[in-house]
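Trainee:
Residue numbers (my numbering): -17 to 506.
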């Protein structure tokens, strides 16, 4: 099928047999939808196929989605802030009511979609009967008139704003017209801001269900930001929108008061955005010309490995490389520490922060169950008593002047595997990685030097039982399995990178000259 004609919301192919009983929505999606819309509903932006993950098109009453599957849809459509212009063919003549119901039930309760009530075959049958005379696909505008989208989730609510000329001046309440969208505008005063002018916004953070949220705040104002009486930012100096502060907060269901105070310094720029673990699409609290919040640019590896160079949260140095695989299993390799640092599955990464307005700061993977494989230098020439932590001062030095001499990487011919090359104390190492499937990453290390070296193969929390033989637990979701002949893994304490870090243990192996080591990082 021509990719331009790929389904907008579902690519569901007809079964050659009749009705299947006890439909498995996940299996139906994997078999008939995942090839176009991805294993995690991330879509294929390059091919014009929009995502199903964290989408308002999926939320609310199921009739909209049912109608799209039954009759198809055409024309430009906006999904998660981006416009797609492909066409979905009608599937109503070839799919049964229970097949459609099972697939939609699965989609509506996964990947950040929170509709847990099932779509029933009776619902599909009713919609099929109601529009039985329809012969053409829906046009987007026509569809939304009859089946409007649910209101977008709002995190910050009941916002009120005041303006003061300076410290000690009487406050003036800002017009409610400028705050009615539960958004903040630096133009709400109605006149250009001057030095020492103060804007204060107060309202509530409303949490409908427990989730882990990330808030990004950066501005050219002196800024104070509080939630429920706790100060998250209190700076008398002007900051920057290029390096917004990141706050990771776990909210329980409820309402939390917040305050944002902005004192103008040199200009009127601000970034105030947020996302959650279940809904990783970035949303902005700012509107107007002053807003510089980045848009979501999700990278979706389709046919080969993707390489993303940016500052990855927990990924090691600023030179760390995130490698995305079409298998939906992704990892981070840090050339400074010469080893893997993160492993996760599902969605790859949002490049919006670093690709928009030359943004900086740390970006987290978009996938689920992120496993930390290691946080320090991966190699030593001699076995230490405590495995050394990542040296932040060393990170500022030229890699070529360090104990680890990084030489670059080479892709396999099918571009689904990659080999990193470096020297450890002058001895050549080839470190090869290949995602075998959506759950397994194979790593093969060749040591062609003349002296033994020591490799920190994995790292675990101090409370975790390390075990005496393969497979070794890394955390609740990932284990390491030896493929080579059994090598002795010695467990030693791992030095903390900061006082806030939890104690960890390093699993270390000795590699003799000419040795080759093969292991599997396997997701449970």
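For glycine and all other residues, C-beta sits at the position ideal for the given N, C-alpha and C.
Ignore the nearest five residues each way along the sequence and tell me which others in residue 509's own chain have a CB closer than 7 angstroms to its CB.
Mentor: Given a span of -17 to 506 for the chain in the structure shown, any question on residue 509 remains unanswerable.
Trainee: Is residue 365 buried or exposed, if buried means 16 or more other CB atoms sit within 10 Å of its CB?
Mentor: Within the chain shown, residue 365 is the residue found at index 383, counting from 1. Burial call: exposed.
Trainee: Decide if residue 230 is buried, meaning its Cβ has at least 16 other Cβ atoms within 10 Å, or exposed.
Mentor: Within the chain shown, residue 230 is the residue found at index 248, counting from 1. Classification of residue 230: exposed, given that the 10 Å Cβ count is below 16.
Trainee: Please report the distance separating the alpha-carbon of residue 13 from that of residue 85.
Mentor: Locating residue 13 in the chain shown gives position 31, where the first residue counts as 1. Locating residue 85 in the chain shown gives position 103, where the first residue counts as 1. Between residue 13 and residue 85, the C-alpha separation is close to 11 angstroms.
Trainee: Would DSSP call residue 243 helix, strand or coil?
Mentor: Taking the chain shown and counting its residues from 1, one reaches residue 243 at position 261. Strand.
Trainee: Report, in whole angstroms, the separation of the C-beta atoms of residue 403 and residue 391, which I expect to be a contact under 8 angstroms.
Mentor: What you label residue 403 is simply residue 421 of the chain shown in a count that begins at 1. What you label residue 391 is simply residue 409 of the chain shown in a count that begins at 1. Confirmed, Cβ separation roughly 7 angstroms.
Trainee: Which same chain residues, not among the five before or five after residue 446, have their C-beta less than 7 angstroms away from its C-beta?
Mentor: As a first step, residue 446 is located in the chain shown; it is residue number 464 there, counting from the start. Cβ within range, chain order: 455.
Trainee: Are there 16 or more other CB atoms within 10 angstroms of the CB of residue 9, so buried, or fewer, so exposed?
Mentor: In the chain shown, counting from the first residue as 1, residue 9 sits at position 27. Exposed is the call here.
Trainee: What are the start and end residues of the beta strand (DSSP E) that includes residue 50?
Mentor: On the chain shown, residue 50 is found 68 positions in, with the first residue counted as 1. Element bounds for residue 50: not the beta strand (DSSP E) but the alpha helix (DSSP H), 45 to 53.
Trainee: Per DSSP, what are the beta-bridge partners of residue 359 in this structure?
Mentor: Taking the chain shown and counting its residues from 1, one reaches residue 359 at position 377. DSSP, once it has assigned bridges, lists no residue as partnering residue 359.
Trainee: In the DSSP assignment, the alpha helix (DSSP H) including residue 322 goes from what residue to what residue?
Mentor: Within the chain shown, the letter at position 340 stands for residue 322. Unbroken run through residue 322 is the beta strand (DSSP E), 321 to 327; no alpha helix (DSSP H).
Trainee: DSSP state of residue 406, grouped into three classes?
Mentor: The residue labelled residue 406 in the question sits at position 424 within the chain shown. In the structure shown, residue 406 sits in a strand (DSSP, three-state: E or B).
Trainee: So for residue 392, helix, strand or coil by DSSP?
Mentor: On the chain shown, position 410 is the one that residue 392 refers to. It is a strand residue.
Trainee: Between residue 296 and residue 347, what straight-line distance do the alpha-carbon atoms span, to the nearest angstrom?
Mentor: Residue numbering aside, residue 296 sits at position 314 when the chain shown is read from its first letter. Residue numbering aside, residue 347 sits at position 365 when the chain shown is read from its first letter. Their Cα atoms are separated by approximately 10 angstroms.
Trainee: What are the uninterrupted segments assigned as alpha helix (DSSP H) that are 4 or more residues long and contained completely in the region 106 to 179, given in chain order?
Mentor: As far as the region 106 to 179 is concerned, its whole alpha helix (DSSP H) runs of at least 4 residues are 122 to 128.
Trainee: Three-state secondary structure (DSSP) at residue 86?
Mentor: Counting from 1 along the chain shown, the entry for residue 86 is found at position 104. Residue 86 falls in the helix class under three-state DSSP.
Trainee: Just confirm the distance between the C-beta atoms of residue 327 and residue 420, as a whole number of angstroms; I'd bet it's less than 8 angstroms.
Mentor: Here residue 327 refers to the residue found at position 345 of the chain shown. Here residue 420 refers to the residue found at position 438 of the chain shown. Contact flag correct, Cβ pair sits at about 6 angstroms.
Trainee: If we ignore side chains and look at the alpha-carbon of each, how far apart do residue 43 and residue 50 end up?
Mentor: Start at 1 with the first residue of the chain shown, and residue 43 comes out as number 61. Start at 1 with the first residue of the chain shown, and residue 50 comes out as number 68. Approximately 13 angstroms, taken between the alpha carbons.
Trainee: Using beta carbons (cut-off 7 angstroms, strictly below), is residue 298 in contact with chain D?
Mentor: This model lacks chain D altogether; it includes just one protein chain.
Trainee: Which residues bound the alpha helix (DSSP H) around residue 334?
Mentor: Taking the first residue of the chain shown as 1, we reach residue 334 at position 352. Unbroken alpha helix (DSSP H) run through residue 334: 334 to 337.
Trainee: With DSSP collapsed to three states, give me the class of residue 57.
Mentor: Along the chain shown, one-based indexing puts residue 57 at 75. Here residue 57 sits in coil by DSSP.
Trainee: Per the DSSP calculation, residue 413 is bridged to which residue(s)?
Mentor: Locating residue 413 in the chain shown gives position 431, counting from the first residue. DSSP, once it has assigned bridges, lists 402, 427 as partnering residue 413.
Trainee: For residue 98, which three-state DSSP category applies?
Mentor: Taking the first residue of the chain shown as position 1, residue 98 is located at position 116. Coil.
Trainee: With DSSP as the reference, identify every bridge partner of residue 266, one or two as the case may be.
Mentor: Residue mapping note: residue 266 aligns to position 284 of the chain shown, counting from 1. DSSP output for residue 266 lists 255 as bridge partner(s).
Trainee: CA-CA distance, residue 160 and residue 476?
Mentor: Sequence index remark: in the chain shown, residue 160 carries index 178 (1-based). Sequence index remark: in the chain shown, residue 476 carries index 494 (1-based). Unreliable placement is indicated for residue 160, whose pLDDT of 45 sits below 50; no coordinate value is reported for it.
Trainee: Can we say the region 347 to 358 touches the region 312 to 329, given the rule of at least three CB pairs closer than 8 angstroms?
Mentor: Touching, yes, given that three or more Cβ pairs across the two stretches are closer than 8 angstroms.
Trainee: Buried or exposed for residue 22, please, with buried defined as at least 16 other CB atoms from any protein chain shown within 10 angstroms of its CB.
Mentor: Position 40 of the chain shown, counted from the start, is the residue given in the question as residue 22. The residue is buried, with at least 16 neighbouring Cβ atoms inside 10 Å.
Trainee: Would you call residue 308 buried or exposed, if buried means 16 or more other Cβ atoms sit within 10 Å of its Cβ?
Mentor: The residue given as residue 308 occupies position 326 in the chain shown. Burial call: buried.
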